[in-house]
Amino acid sequence: MALAAGARVQARALLRPWGRAPGLTGLALWFAGSRVLSAAPGRTPAAGGGGPGARCFGSPRVLVEPDPAAGMAVMKLRKPPVNSLSLELLTELVISLEKLENDKSFQGVIITSDSPGIFSAGLDLMEMCGRDPAHYAEYWKAVQELWLRLYLSHLVLICAVNGASPAGGCLLALSCDYRILADNPKYTIGLNETQLGIVAPFWFADTLVNTIGHRAAERALQLGLLFPPAEALQVGIVDQVVPEDQVQSTARSVMAQWLAVPGHARQLTKNLMRKATADRLLKQRDADIQNFVSFISRDSIQKSLHVYIEKLQKKKV
Amino acid sequence: MALAAGARVQARALLRPWGRAPGLTGLALWFAGSRVLSAAPGRTPAAGGGGPGARCFGSPRVLVEPDPAAGMAVMKLRKPPVNSLSLELLTELVISLEKLENDKSFQGVIITSDSPGIFSAGLDLMEMCGRDPAHYAEYWKAVQELWLRLYLSHLVLICAVNGASPAGGCLLALSCDYRILADNPKYTIGLNETQLGIVAPFWFADTLVNTIGHRAAERALQLGLLFPPAEALQVGIVDQVVPEDQVQSTARSVMAQWLAVPGHARQLTKNLMRKATADRLLKQRDADIQNFVSFISRDSIQKSLHVYIEKLQKKKV
Amino acid sequence: MALAAGARVQARALLRPWGRAPGLTGLALWFAGSRVLSAAPGRTPAAGGGGPGARCFGSPRVLVEPDPAAGMAVMKLRKPPVNSLSLELLTELVISLEKLENDKSFQGVIITSDSPGIFSAGLDLMEMCGRDPAHYAEYWKAVQELWLRLYLSHLVLICAVNGASPAGGCLLALSCDYRILADNPKYTIGLNETQLGIVAPFWFADTLVNTIGHRAAERALQLGLLFPPAEALQVGIVDQVVPEDQVQSTARSVMAQWLAVPGHARQLTKNLMRKATADRLLKQRDADIQNFVSFISRDSIQKSLHVYIEKLQKKKV
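Protein chains in written order, with the working numbering: chain E, 4 to 320; chain D, 4 to 320; chain W, 4 to 320.
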């Protein structure tokens with residue numbers, strides 16, 4: 004295990020956790036996003052993007068392209084510019100997933116971004132800043148809910164990581180069954196919370212430990228490392244790195260492989276491997292919410308977030 | 004970690020988990036086995052196979068070749084054609100192991116197959132099909148017993164994997180202290196239960212996690228992967244891959260290395276590392292038996308097993 | 004994972020766990036050490052070794068070279084000839100660490116040896132031989148205390164392993180946040196307790212498992228493996244191997260990297276990752292002491308230690 008390499012990228016990542024989008028960064032992008040979205044008429048839920056004859060559905064921020072013949076659907080995050088996980092996006096993701104889980108035509112879902120370049124910038128700082136405790140609690144419960152849904156989903160979840168994937172974006176990928184990363188040095192992935200002065204909660208850490216082992220996780224979490232593709236593969240935070248234009252097709256062939264396994268046995272096996280980790284959160288879900296609320300409500304944290312957000316907004320201007 | 008490679012072999016393995024023996028496969032082989040065994044006069048327990056002057060002992064299905072000068076014995080599975088783990092074989096393995104453990108001349112055992120080409124095809128489906136609940140319970144208790152004995156044995160157990168080793172055969176290997184696999188692409192190893200539509204019990208999974216880590220185990224178990232030698236080594240499910248004709252000699256030199264360690268300290272250390280995993284089963288042994296009995300008694304499972312067995316028997320004809 | 008390589012070194016290590024210092028070995032060196040120390044006037048605590056203008060402090064056996072401008076200090080073990088962890092050295096290490104932790108000028112410490120060639124020979128057998136149970140209990144409590152302090156320290160601890168590091172020396176390194184080993188084949192590192200006929204306690208084992216995973220730890224602990232640099236890196240027991248003359252400078256650049264991370268978030272994250280392991284000892288600290296006392300007080304153990312020590316002392320003569 005040569006763990007040293009990942010460390011090199013940390014400094015760059017401090018202010019721009021998604022490592023892209025010069026001029027338009029982070030939260031500021033989130034604001035811009037609403038406009039970009041409404042100005043993109045070709046991207047309404049019912050419009051193109053699915054295969055021939057496929058009828059897309061979904062919700063404003065989650066495009067679902069069903070492929071019942073293949074027993075699967077593609078679920079695209081569509082909250083430009085950076086797919087930050089707002090309360091609305093979280094809720095729509097859970098609802099879309101639930102719909103697919105309840106429809107027996109689907110045994111698998113490919114999760115990807117509708118805006119190649121950024122998979123997801125992670126949790127939405129706007130939901131954590133200048134709001135009241137009730138809002139923080141509601142938001143955190145939604146974050147927990149998405150993780151629990153993904154991590155224990157009986158569906159095969161393949162993550163086609165077609166862009167940068169810091170913090171909550173990385174958690175989303177880690178909660179799937181298989182991760183394919185586009186080979187672009189700008190597409191870094193990792194739980195870089197410490198770089199923002201915050202702490203990944205224990206169940207983020209558990210999910211990372213389950214994926215890359217205790218030592219690599221300890222180092223990555225303390226340093227807030229974002230791994231570029233080659234290092235991401237080496238440390239095991241993704242399973243495969245492929246050229247950018249092959250991410251979706253690779254995801255489809257991997258999916259076919261997973262769907263060839265008898266489904267019921269595979270689902271029970273997945274549950275066997277993941278239940279204990281999910282139970283750790285379920286047993287202290289309310290306490291975890293209270294922790295988050297009291298942490299995020301601190302004056303010092305609110306102040307840092309505020310400064311950080313202002314910096315991003317100035318950058319935009 | 005490049006985990007993708009192992010996946011390539013899964014499809015092939017679905018119907019022939021031991022990946023060999025064209026025409027004579029699986030359970031059908033198990034029936035043929037009794038005849039083959041009785042037709043092989045040179046293979047009676049007291050006959051050849053041991054070193055010069057070594058007196059072999061053992062039982063009908065387990066040949067033991069003692070080498071007291073080296074402080075060890077070789078234990079050969081001899082239930083042709085595929086060493087399926089029948090109730091009788093399980094019982095004889097436990098008894099042979101117990102005898103060696105109680106004889107202070109022996110500090111180590113090399114476990115291998117008397118029929119190179121197949122190490123063990125795993126649990127014997129005939130014990131799980133068309134019998135009554137009491138039989139299923141007795142059988143499962145014997146499977147547990149063998150694992151507990153092997154996993155916590157104070158003897159050094161080196162596994163000379165000289166053939167295919169799916170499912171229960173892989174568990175047997177994983178329960179040893181060191182695994183040497185013959186370098187033959189047909190000799191795949193893995194817990195491929197999901198491919199048969201069944202689920203490896205939690206203690207199979209625990210044993211795999213302890214060997215290759217959580218992530219690799221999760222993927223291998225969900226997909227029911229059988230790893231050919233190079234991939235088996237890379238993922239860590241075996242410790243060494245050597246040319247087929249060097250498996251036994253390598254096992255002997257590795258054994259010498261292990262036996263050079265002060266025995267009492269080594270035994271206590273092994274126990275320290277494995278007791279918690281064994282205790283998980285010991286604490287719920289009866290519940291685990293009940294689980295197995297009720298799972299295997301289901302009409303749907305019995306029907307699949309029946310179809311599967313018939314298919315194998317037709318192949319034989 | 005190719006785990007076989009490390010095994011090659013075990014035999015050599017049996018009598019000389021630090022693999023160096025021909026003629027002057029082990030405990031005998033420990034006796035010689037007191038004289039060497041008092042005969043080395045240039046090595047008093049206040050004398051050289053620090054950077055320009057740095058004022059060294061510390062205690063007889065622990066030299067502390069503060070570098071407040073860099074926010075860190077270098078802590079050098081100085082109990083020649085082999086830095087065996089006597090009660091006095093353990094106590095001084097804890098006190099030095101405590102001082103640095105309570106001084107806000109310091110966020111990190113580089114731990115290294117003042118005698119390149121040997122990092123630390125580990126626990127001091129003289130503290131475990133021919134003393135009364137009360138002494139054994141006091142000694143073991145001090146060993147626990149050092150580990151707990153190091154493992155949970157809010158400081159960034161970088162270990163510059165500039166010499167052999169068997170047993171307790173390895174534990175010391177494993178308790179840090181990052182390990183850099185000098186590339187010298189004589190500088191082996193590992194928990195080789197079984198080779199001396201003793202058993203690493205569970206929290207030594209837990210610390211190793213957290214670093215290199217369950218399987219590699221199980222094998223290394225059973226065999227008492229000491230890994231030379233290339234194998235140490237491969238198995239993950241160290242994070243980096245560099246030429247001998249670059250160990251200290253590399254430690255400084257790695258430290259700068261770690262200190263660039265927002266400190267409070269990093270500390271909370273470290274605690275999140277390590278608390279459960281430390282708690283396992285805290286919950287049974289007295290029982291662990293009693294275990295040690297009754298084990299080490301056994302006639303058979305005392306006899307082996309005595310024989311071992313006499314052998315080393317004769318070697319000296």
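Built from N, CA and C at the ideal position, the CB exists for glycine as well.
Taking a Cβ-Cβ cut-off of 8 Å, residue 112 of chain E has no neighbours in chain D, whose nearest Cβ is about 15 Å from it. One Cα belongs to residue 277 of chain W, the other to residue 154 of chain W, and the distance between them is close to 7 Å. Residue 122 of chain D carries a coil assignment under DSSP once its states are collapsed to helix, strand and coil. In the three-state scheme derived from DSSP, where H, G and I count as helix and E and B as strand, residue 202 of chain D is classed as coil. The C-beta of residue 133 of chain E has fewer than 16 other C-beta atoms within 10 Å across all chains shown, which makes the residue exposed. Following the DSSP letters along the chain, one finds residue 137 of chain D inside the alpha helix (DSSP H) bounded by residues 136-155.
Judged by beta-carbon spacing, residue 114 of chain D lies within the 8 Å limit of residue 179 of chain D, meaning their Cβ atoms are closer than that value. The beta-carbon of residue 202 of chain D is placed less than 8 Å from the nearest beta-carbon of chain E. Residue contact check for residue 224 of chain W against chain D: a CB pair falls below 8 Å. Only those residues of the stretch 213-246 of chain E whose C-beta falls short of 9 Å from the nearest C-beta of chain W are listed: 216, 217, 218, 219, 220, 221, 222, 224, 225, 226 and 227.
Fewer than three Cβ pairs drawn from the stretch 237-249 of chain E and the stretch 99-115 of chain E lie within less than 8 Å of each other, which leaves the two stretches out of contact.
Proximity of residue 208 of chain W to chain E, defined by a Cβ-Cβ separation below 8 Å, is not satisfied. Shown here, residue 207 of chain E sits in a helix according to DSSP, grouped into three states. Taking a cut-off of 8 Å for Cβ pairs, the stretch 218-229 of chain E and the stretch 253-268 of chain E do not touch, as fewer than three such pairs fall below it. Closest in C-alpha terms to residue 286 of chain D, from the list D/205, D/268 and D/71, comes D/205. With a 10 Å radius around the Cβ and a threshold of 16 neighbouring Cβ atoms, residue 317 of chain E comes out exposed.
Here residue 70 of chain D is buried: its Cβ has 16 or more other Cβ atoms, across all protein chains shown, within 10 Å. For residue 69 of chain D, the uninterrupted beta strand (DSSP E) run begins and ends at 65-70, by DSSP. DSSP places residue 168 of chain E in the uninterrupted beta strand (DSSP E) bounded by 166-169. Within the same chain, and ignoring the five residues on either side of residue 142 of chain W in sequence, the residues whose Cβ sits closer than 6 Å to its Cβ are 90 and 130. Under DSSP, residue 131 of chain W takes part in no beta bridge, so it has no partner.
Think of a sphere of 9 Å around the beta carbon of residue 276 of chain W: the chain E residues whose beta carbon falls inside it are 208, 212, 217, 220, 221, 224 and 225, in chain order.
Under the Cβ distance rule, residue 205 of chain D counts among the residues neighbouring chain E, one pair being separated by less than 8 Å. Between residue 263 of chain E and residue 161 of chain E, the C-beta gap is not smaller than 8 Å, which leaves the two residues out of contact. Counting other Cβ atoms within 10 Å of its Cβ, residue 313 of chain E stays below 16 and is therefore classed as exposed. Shortest Cα-Cα distance from residue 135 of chain E to any of E/126, E/301 and E/237 involves E/301. Taking a Cβ-Cβ threshold of 7 Å, the residues of chain E close to residue 269 of chain W are 197 and 225, in chain order. Your pair residue 280 of chain W and residue 210 of chain W checks out as a contact, with CB atoms roughly 7 Å apart and the cut at 8 Å.
Distance from residue 125 of chain D to residue 176 of chain D at the Cβ level is roughly 11 Å; contact not present, criterion being Cβ atoms closer than 8 Å.
For residue 280 of chain D, the uninterrupted alpha helix (DSSP H) run begins and ends at 266-285, by DSSP. A distance below 6 Å between beta-carbons, with the five flanking residues on each side excluded, links residue 67 of chain E to the following residues of its chain, in chain order: 60, 61, 76, 78 and 99. Taking the Cβ atoms as the reference, residue 200 of chain W lies roughly 23 Å from residue 215 of chain W, outside the contact range of under 8 Å. One thing to note: residue 190 of chain E has its Cβ within 8 Å of the Cβ of residue 166 of chain E.
For residue 298 of chain D, the uninterrupted alpha helix (DSSP H) segment begins and ends at 288-300. Membership of residue 77 of chain D in the beta strand (DSSP E) is indicated by the continuous run 75-80. Residue 93 of chain E places its beta carbon less than 8 Å from that of residue 145 of chain E.
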